[in-house]
Structures are given as C-alpha cells and as structure tokens.
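Below: the structure, in structure tokens.
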Amino acid sequence: MKKTKKTVMTAALFAAAMNLVPSGAVEAVMSNDDMGAVYAADEPDSEGVIGEVENDFQGVYGPPWMMIPESQWRGDVYEDGVIDAYDMVELRKKLLNGTESDWDAKRADVNGDGEVGISDMVMLQKYLMGQIDGFTEKAETQTTEASSEIKTETVTTVQTVPVPVYGPPSMFD
Amino acid sequence: MLDVNIKKEHMKTLEAYRAGLMIKPQLRHLFLELTLRCNEKCLHCGSSCGDVSSEELTAQQYAKFLAEVKGDFGTKDKMLCITGGEPLLRKDFFDIMAAAHELGFRWGMTSNATLIDDSTACELKRVGMGTISVSIDGLEETHDAFRRIHGGWQRAMNGIESLLRVGGFKHVQVTTVVTHQNIGQLDELYKIFNEMEIDSWRIINIEPIGRAKQHAELLLTPEDYRYMFEYIRNKRIAGEPVTYGCSHYLGMEYEREVRDWYYLCTAGTYIASIMENGDITACLDIERRPEFIQGNILTDRFKDVWEKKFEIFRKNLSEENEKCRSCAEKCRCHGDSYHSWDFDNHEPQVCFKDILF
Chain S
512 MKKTKKTVMT
522 AALFAAAMNL
532 VPSGAVEAVM
542 SNDDMGAVYA
552 ADEPDSEGVI
562 GEVENDFQGV
572 YGPPWMMIPE
582 SQWRGDVYED
592 GVIDAYDMVE
602 LRKKLLNGTE
612 SDWDAKRADV
622 NGDGEVGISD
632 MVMLQKYLMG
642 QIDGFTEKAE
652 TQTTEASSEI
662 KTETVTTVQT
672 VPVPVYGPPS
682 MFD
Chain V
408 MLDVNIKKEH
418 MKTLEAYRAG
428 LMIKPQLRHL
438 FLELTLRCNE
448 KCLHCGSSCG
458 DVSSEELTAQ
468 QYAKFLAEVK
478 GDFGTKDKML
488 CITGGEPLLR
498 KDFFDIMAAA
508 HELGFRWGMT
518 SNATLIDDST
528 ACELKRVGMG
538 TISVSIDGLE
548 ETHDAFRRIH
558 GGWQRAMNGI
568 ESLLRVGGFK
578 HVQVTTVVTH
588 QNIGQLDELY
598 KIFNEMEIDS
608 WRIINIEPIG
618 RAKQHAELLL
628 TPEDYRYMFE
638 YIRNKRIAGE
648 PVTYGCSHYL
658 GMEYEREVRD
668 WYYLCTAGTY
678 IASIMENGDI
688 TACLDIERRP
698 EFIQGNILTD
708 RFKDVWEKKF
718 EIFRKNLSEE
728 NEKCRSCAEK
738 CRCHGDSYHS
748 WDFDNHEPQV
758 CFKDILF
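Chains as they are written, first to last, in my numbering: chain S, 512 to 684; chain V, 408 to 764.
Take a look at the structure:
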C-alpha cells in the first residue's frame with residue numbers, strides 16, 4: 512500500500528498525541544487552543560517528518576475548506592495564515608508543478624474561476640501591491656479596467672483531485 | 408487517543424456547518440446506478456442485485472441528463488459516482504462514461520473488478536476514470552462464498568493488478584466488508600494488500616440492509632466492532648492508508664481516529680442518486696421505499712427536484728424517538744446514518760452507544 516504524506520502525517524499526529532515525539536514538536540502541535548493555530552505551522556524551518564506535518568496541519572487536520580470562510584484561505588497558498596510574498600513564491604511552484612489536492616487547488620485559485628493559472632498570480636500580485644483589497648470578481652474587473660496592460664489569460668490549468676467513490680468525500684481532503 | 412477538546416471543538420463547528428447544509432444543500436456527489444444486473448450475488452448486497460430485472464436508461468438518456476446537470480449545476484466540485492450492480496456489464500458503459508468525460512465531469516466507480524483486464528483498464532483511463540473502489544471481502548474461499556461466485560477472488564485480484572499495471576488513475580482503493588465470519592482474516596488480507604501498490608484499504612462493517620437482513624449470522628457482535636475499529640486505528644497509527652467508511656457516529660473514542668474527518672451523513676445534502684430506471688433519490692443504500700423516490704429524470708428536471716423536494720432527507724432523525732431525543736450525543740449523531748434507519752420503527756438499526764461510547 513502506498514505511504515503518502517497524508518498517512519505519514521496521520522501517524523505523526525497520533526505520535527504527538529501519545530507523546531512519542533520530542534517535546535518541542537509536541538508543543539508545536541498541541542499547545543495552542545485555537546483550532547487554526549493548533550494545526551498550523553509554528554516553525555516553518557523545522558526539519559523532518561514533524562516539520563512537514565506542521566506545514567500541512569491546517570489542510571489535513573483542520574476543518575474542511577468549505578467550512579472556513581473563503582476570506583480566510585483564498586490566496587493563502589503557503590498556508591501559514593497570512594498572505595504575503597511567500598504565497599507568490601508558492602503559487603509559482605503550483606503553476607509549474609501542479610496542485611496536490613482539492614484543498615491545495617482551492618487556495619491557489621485566487622480569482623475563483625476554477626482554474627489555477629497566470630491570472631491568479633496577477634491578482635495576487637495586485638493584492639500584495641495594494642491595488643485591490645480582496646479576491647472578488649468585482650475587484651478583478653475593476654483592476655483589469657484600470658491596468659489594461661496586464662495580461663490575465665489563463666495558460667495553465669490544474670485538475671482538482673477526484674476522491675474514491677466510497678472513500679471520504681472531498682470535504683475530507 | 409487524539410486530543411478530546413480539539414475533537415469537541417471540531418464537532419461543534421461541524422454541527423453548525425451541518426445545520427447550514429440542511430438549509431442550503433450543495434450537490435457534490437451524484438451517484439448513477441447504471442444497472443441492477445450483477446455477475447455476483449453477494450450475501451450482503453444492499454440493492455439485492457444479481458439476476459433481477461433492470462429497467463435501464465439508455466446511453467442517450469444519460470448524455471442528455473448529464474448535459475442538463477452541467478447546465479444547471481456546472482461540473483466544478485461535482486463528482487459522478489458510478490455504481491450498480493456491476494457497471495461494466497453494460498455494453499454501452501464506455502459510451503456513457505465517454506460522454507460524461509467530454510462534458511467535463513470527474514468520475515469514479517465501484518466495481519467487483521472481475522471484468523477488468525489490461526485492455527479494459529486502458530479503456531477506463533481513456534474515458535477519464537479517476538478513482539475506483541474494488542471489493543475484496545475476505546481470503547479467496549471466504550470471498551467466493553460470500554459473493555457466491557467461483558473464481559471471483561482471483562479475477563478481482565487480477566483486475567486490481569491490471570489497474571495498477573496500466574496506471575494513471577488517481578486512486579485505486581480496495582474495500583472490505585467485514586462480517587462475523589471474515590473478521591479474523593484482516594491480518595492476512597493486510598499482508599496481501601500491503602504487497603500491492605493500492606492507494607488505500609477501506610474497511611467497513613456489514614450493514615443490516617438488503618440481503619444481509621436474512622443473514623444475521625454475518626452481522627458483527629459488539630466485540631467484533633471494537634476489534635475492527637481498534638484494528639483500523641492501529642494501522643493508521645502505523646501510517647498505513649487504512650480507513651473506515653463515512654457511515655455512523657462512532658463516539659469520542661474513535662471519531663477522527665479511524666477516518667480523516669468526523670461523521671456526517673450527507674445523503675440529500677451533498678449526495679443525490681439516480682437509480683437504474685431514472686428514479687431520483689438521495690443515497691442508494693437507503694431502503695427503497697416509495698416515499699423516498701423524489702422524481703424521475705425522464706419526467707422531472709433534476710434541479711427542480713433537488714431544490715424543491717428532498718425535505719424527507721434534510722431533517723434530524725434523532726427527533727423521531729424518545730431514546731434518541733434524550734441521548735447526550737444526538738447533536739453529533741443526529742440519529743446516525745440515513746441508510747441504517749429503521750423507517751417502520753423509527754429508530755437506528757446501528758447505534759454504537761454502549762458499544763463504543
């Protein structure tokens with residue numbers, strides 16, 4: 512059977528709960544009482560399995576994306592709870608390498624058109640430069656009119672991930 | 408055991424989310440029961456499939472229906488779940504799924520895999536199959552006896568090997584229905600599956616529905632249930648891609664530990680199903696009673712049925728009897744899975760209270 516990042520993270524979560532990992536890592540995983548903070552990255556530079564777990568906890572162990580307000584996850588490609596230059600770097604990687612899951616694709620689909628493409632990078636850049644204050648279609652339209660020199664044609668699409676027929680529904684991804 | 412306080416917070420969030428779903432459902436999984444015909448006659452079959460008459464829709468009717476669904480709902484975040492009977496018994500199977508694929512639907516299938524060889528696997532890839540769940544219900548002798556087909560186990564295993572050899576599918580899953588007779592074989596099955604490059608192993612309990620109602624000797628005992636859930640949890644602790652299914656509220660001890668999220672029956676809120684004759688219902692595992700047929704795609708527009716009917720599936724079953732009403736877990740369980748509700752006596756046929764919690 513295939514071991515995946517998800518199964519390794521599941522094992523790590525159990526290990527953390529059973530105090531089978533170094534104390535620092537346990538605290539990073541279990542010390543905060545806020546749901547998002549508990550499962551989000553504490554030290555992005557951590558190495559090894561637990562480090563990997565921290566970076567992906569929100570997506571794997573947090574609530575399904577559809578239960579979280581869009582404003583809290585759209586554009587947060589790096590998945591650290593804030594939208595900054597790290598998200599631009601991460602989005603560029605997704606464009607080149609593809610997304611790994613539904614949740615991954617949702618966060619990277621900045622303009623909400625169902626695809627991950629150059630237009631998402633354009634919108635994210637505008638946001639970071641303060642030209643728009645959110646990722647709504649209205650904001651995109653307004654800015655496109657104001658900055659007609661920016662091309663928004665989508666050149667790359669990324670298929671979202673189907674789930675097993677009788678496996679967990681996509682909200683469990 | 409994972410942190411109980413975190414679990415409680417998650418379940419509280421989920422409860423509020425579920426309340427919203429009841430008011431504003433989101434179609435996500437559309438099951439298509441392509442046929443009731445099957446080359447196996449499983450003792451546990453929820454649909455009592457096999458040598459039965461099957462009033463099947465034509466490929467053209469499916470193409471027209473799916474185009475209508477695409478027009479009304481789009482294909483984004485939608486998944487077609489193809490089931491039966493054995494879907495591959497239909498001679499026009501690849502015509503139907505090619506049309507769905509061309510329309511842009513993602514789709515997956517449940518199959519006994521006995522009709523899959525390398526050539527069929529290539530065809531499945533061509534028409535866009537993303538995922539498949541294949542039933543293996545025990546070691547060879549047990550599987551064949553349970554599914555009442557000689558040589559079925561070997562053909563199913565060959566089918567899985569073909570799928571893995573051809574490759575290119577997003578997820579190849581094996582599903583095992585655990586009974587009182589095969590529960591002792593889980594370890595040996597694990598050794599077999601662990602040597603294969605499957606993506607996951609889904610372990611579910613036999614349900615007291617369909618033909619299984621006539622085979623009480625197959626139903627799990629409380630000890631069996633506890634063994635099964637502990638077995639799944641231990642595999643997940645070891646980092647294995649083993650999971651329980653989406654059914655049943657398991658209590659604080661096992662919720663989130665044997666699957667990746669918490670119990671939520673989405674029949675009628677995420678899930679709608681089209682029976683082989685075009686009848687519209689919520690989940691195909693729900694007992695087939697006339698009141699659950701909400702319409703027919705040959706005479707009704709599916710969107711209207713989804714939006715204006717389905718009330719029967721969007722309620723709290725736990726309000727229908729005093730035992731559930733007074734249960735401390737009703738806000739998490741809601742009367743448990745719709746498919747295992749006893750609609751004559753208004754009580755759940757599967758309840759893990761006093762077994763798991």
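Glycine is no exception: its CB is placed at the ideal position from the N, C-alpha and C atoms.
Considering only beta carbons, the part of the segment 586-613 of chain V lying closer than 9 Å to chain S consists of Y597, F600, N601, E602, M603, E604, I605, D606, S607, W608, R609 and I611, in chain order. Contacts with chain S (Cβ-Cβ distance below 7 Å) from the segment 634-649 of chain V involve R643, I644, A645, G646, E647 and P648, listed in chain order. Residue V:L437 holds the alpha-carbon nearest to the alpha-carbon of K477 of chain V among V:C738, V:L437 and V:Q588.
The segment 564-574 of chain V and the segment 601-613 of chain V touch, with no fewer than 3 CB-CB distances between them shorter than 8 Å.
One alpha carbon belongs to K642 of chain V, the other to S607 of chain V, and they sit about 11 Å apart.
Annotation: F576 of chain V is outside any alpha helix (DSSP H) and is labelled neither H nor E by DSSP. CA-CA distance, E660 of chain V to P648 of chain V, rounds to 20 Å.
Interface annotation, K483 of chain V: in contact with chain S, CB-CB separation under 7 Å. Scanning chain S for C-beta atoms nearer than 7 Å to the C-beta of M408 of chain V yields A528, reported in chain order. Nearest Cα to R554 of chain V within the set V:A689, V:M682 and V:N589: V:N589. CA-to-CA, the gap between E422 of chain V and H746 of chain V works out to about 20 Å.
D644 of chain S has its alpha-carbon roughly 48 Å from the corresponding atom of F501 of chain V. For E463 of chain V, the CB contacts under 6 Å within the same chain, skipping 5 residues up- and downstream, are T442 and E683 in chain order. Following the DSSP letters along the chain, one finds S612 of chain S in no alpha helix (DSSP H), marked with neither H nor E.
When rounded, the separation of the alpha-carbon atoms in G675 of chain V and E530 of chain V is 32 Å. Around V519 of chain S, the beta-carbon contacts reaching into chain V at under 7 Å are G646.
Burial is judged here by how many other beta carbons sit within 10 angstroms of a residue's own beta carbon; P697 of chain V has fewer than 16 and is exposed.
About 16 Å separates the Cβ atoms of M516 of chain V and I543 of chain V, ruling out a contact at the 8 Å cut-off. Just so you know, the alpha carbons of T582 of chain V and A623 of chain V end up roughly 21 Å apart. Judged by beta-carbon spacing, L657 of chain V lies beyond the 7 Å limit of L724 of chain V, meaning their Cβ atoms are not closer than that value. By the Cβ neighbour-count rule, M529 of chain S is exposed, with fewer than 16 other Cβ atoms within 10 Å of its own.
The Cβ atoms of G742 of chain V and C734 of chain V lie no closer than 7 Å to each other. Residues of chain V with a Cβ closer than 9 Å to the Cβ of G609 of chain S do not exist, since the nearest Cβ in that chain sits about 12 Å away. Contacts with chain V (Cβ-Cβ distance below 7 Å) from the segment 610-624 of chain S involve no residue at all.
Counting C-beta pairs with one atom in each stretch, the segment 709-723 of chain V and the segment 623-641 of chain V have fewer than three that are closer than 8 Å, which means they do not touch. Residue environment analysis places E662 of chain V among the buried positions, since at least 16 neighbouring C-beta atoms fall within 10 angstroms of its C-beta. Taking W560 of chain V as the centre and dropping the five residues before and after it, the same chain places the C-beta of E547, H550 and D551 closer than 6 Å to its C-beta, in chain order. The Cβ of K513 of chain S sits closer than 7 Å to at least one Cβ of chain V.
Take N612 of chain V, set aside five residues on each side of it, and the residues of its chain with a beta-carbon closer than 6 Å to its own are V585 and L627, in chain order. Restricted to the segment 654-693 of chain V, the beta strand (DSSP E) segments that are unbroken, complete and at least 3 residues in length are 678-681 and 686-688, listed in chain order.
Taken in chain order, the whole beta strand (DSSP E) runs of length 3 or more contained in the segment 560-605 of chain V are 578-585. In terms of Cβ geometry, M536 of chain V and R513 of chain V do not form a close pair [threshold 7 Å]. Taking 8 Å as the upper bound for CB-CB distance, D631 of chain V and H578 of chain V are not in contact here, some 28 Å apart. As computed with DSSP, S542 of chain V is found in a beta bridge with V:T582. Non-local beta-carbon contacts of L496 of chain V in its own chain, meaning distances under 8 Å to residues more than five positions away in sequence, involve T442, R444, C445, N446 and L522 in chain order.
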